[in-house]
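What follows is a short report on a single structure.
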Amino acid sequence: MPNTLANQTNSGNPVAQYSGDEATTVGQLLALVHDFVAARDWYTYHTPKNLAMSIAIEAAEIMEHFQWSSLAESQQFLLDPTNRAEVADELADVMIYCLSFANASGIDISQAIQTKLTRNESRFPVGAVRGRLGVDDSTSPTTGEQATD
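Quick note on numbering: our numbering labels position 138 of the sequence shown as 169, and the sequence is numbered without any gaps.
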């Protein structure tokens, strides 16, 4: 049996060894998702089209929790432990599919994020966009209302 994260624990639960975002690497998560998918022989179905659709579908399930909510209502919603757990499950689904996409396509997600953030640094310079959605934005980030100045 290969020495992967999914079989490094004796508990039968490969996730049991993780203690949060600070202690878990992207590489560990990629391996965990890979092992889950490979054990079920799902790579046949993990095509770019299917995974992209799955990411969008799961993201829409997060959105559904906040549909028709005001900013205050959406923030209040997450204070309830049951609601927060439901949203966490949907967020996990999005992330699992994103990691599956990276695994199936050979995209180094850490490098992709670093490259994208570097590009965004020049697109959105701090001095020009701090506290705004963009250089030409006059929308308040806290209320969503148009500024009147």
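Yeah, the Cβ is synthetic: ideal placement off N, Cα and C, and Gly gets one too.
Here the structure is a predicted model, which means the values were calculated and not measured.
Starting from residue i, trace the alpha helix (DSSP H) in both directions and tell me its first and last residue.
i    : result
I93  : P79 to F97
Y76  : Neither: Y76 is in no alpha helix (DSSP H) and is coded neither H nor E.
R163 : First-last for R163: undefined, no H or E at that position.
T55  : Here T55 belongs to no alpha helix (DSSP H), and DSSP marks it neither H nor E.
R154 : I140 to R154
S101 : Looking at the DSSP string, S101 is not in any alpha helix (DSSP H), and its letter there is neither H nor E.
L110 : Unbroken run through L110: none, as it is neither H nor E.
Thinking C-alpha only, which one of the options is nearest residue i?
i    : options                   : result
D120 : H96, V157 and E53         : H96
D20  : S131, F155, D124 and V160 : Shown here, the chain extends from 32 to 180; a query on residue 20 therefore has no answer.
Q145 : E92, S50, T75 and V57     : V57
V118 : T55, I138, G162 and E92   : E92
For the putative contact between residue i and residue j, defined by C-beta atoms under 8 Å, what is the C-beta separation to the nearest angstrom?
i    : j    : result
V64  : H77  : Going by Cβ atoms, the distance from V64 to H77 rounds to 10 Å, so no, they are not a contact pair.
Y128 : S85  : 5 Å
V125 : E152 : At roughly 25 Å, the Cβ-Cβ gap does not stay under 8 Å, so V125 and E152 are not in contact.
If you drop the 5 nearest sequence neighbours on each side, which residues of the same chain put their C-beta closer than 7 Å to that of residue i?
i    : result
R115 : L109
Using a Cβ-Cβ cutoff of less than 8 Å, which residues in the same chain neighbour residue i once the five nearest sequence positions on both sides are dropped?
i   : result
L61 : L130, A133, N134 and I140
G51 : none
P79 : F132, A135 and S136
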